[in-house]
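Heads up: the structure comes next, in structure tokens.
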């Protein structure tokens with residue numbers, strides 16, 4: 002654990018303010034859920050809560066099956082990072098933080114289908130994004146909240162993504178959103 006040197010007092014309602022600098026560094030936004038942990042030494046640990054993180058194993062199985070059928074890379078993200086990857090090396094994407102462009106697309110509930118060079122094409126992580134010729138991004142909605150995305154990527158410029166892949170992304174996002182509600 003890293004000390005920040007910042008001390009805050011608890012108010013009469015039991016609240017404590019997480020300083021703006023820490024919220025900015027950890028990308029914690031207003032309304033973001035935080036999970037609370039305690040240990041035997043009396044420490045309280047706050048961790049960003051990812052509802053999709055609970056579906057990690059299930060999401061991985063889903064992207065494995067989808068990538069195998071489509072023959073192209075498939076990812077699932079929460080609002081902060083990629084939580085499941087198939088069809089491409091996991092070390093390239095798994096656990097990587099999302100680029101601001103993808104975060105904005107999720108928050109704006111955008112559905113994107115674009116080829117590299119088009120105006121709608123966005124960066125996913127900001128690392129090695131230029132190796133993909135096309136992308137489909139579909140926001141996952143759970144109980145009215147945007148909680149992540151399903152991404153289908155394409156490396157072959159001779160075989161662009163089609164309406165079929167877009168519909169697969171829509172089905173996957175709707176299915177994962179419903180799983181979170183259940």
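Numbering (our numbering), first residue to last: 2 to 183. By construction, the Cβ of each residue, glycine as well, lies at the ideal position given by its N, Cα and C atoms.
Asked: Cα-Cα separation, residue 76 to residue 20; Found: 33 Å
Asked: Helix, strand or coil at residue 120 [DSSP, three-state]; Found: coil
Asked: Residue 141 to residue 111 span [Cα, whole Å]; Found: 10 Å
Asked: Proximal residues to residue 161 (C-beta, below 8 Å), its chain only, five neighbours per side dropped; Found: 116, 134, 135, 155
Asked: Ranges of the alpha helix (DSSP H) found wholly within the stretch 112-183, counting only runs of at least 4; Found: 164-182
Asked: Contact between the stretch 38-51 and the stretch 120-130 (3+ Cβ pairs under 8 Å); Found: no
Asked: Candidates 28, 16, 174, 89, of which the one nearest residue 146 by Cα; Found: 174
Asked: One or two residues paired with residue 98 in a DSSP bridge; Found: 82
Asked: C-alpha gap between residue 179 and residue 143, whole angstroms; Found: 7 Å
Asked: Environment of residue 69 [buried if 16+ CB atoms lie within 10 Å]; Found: exposed
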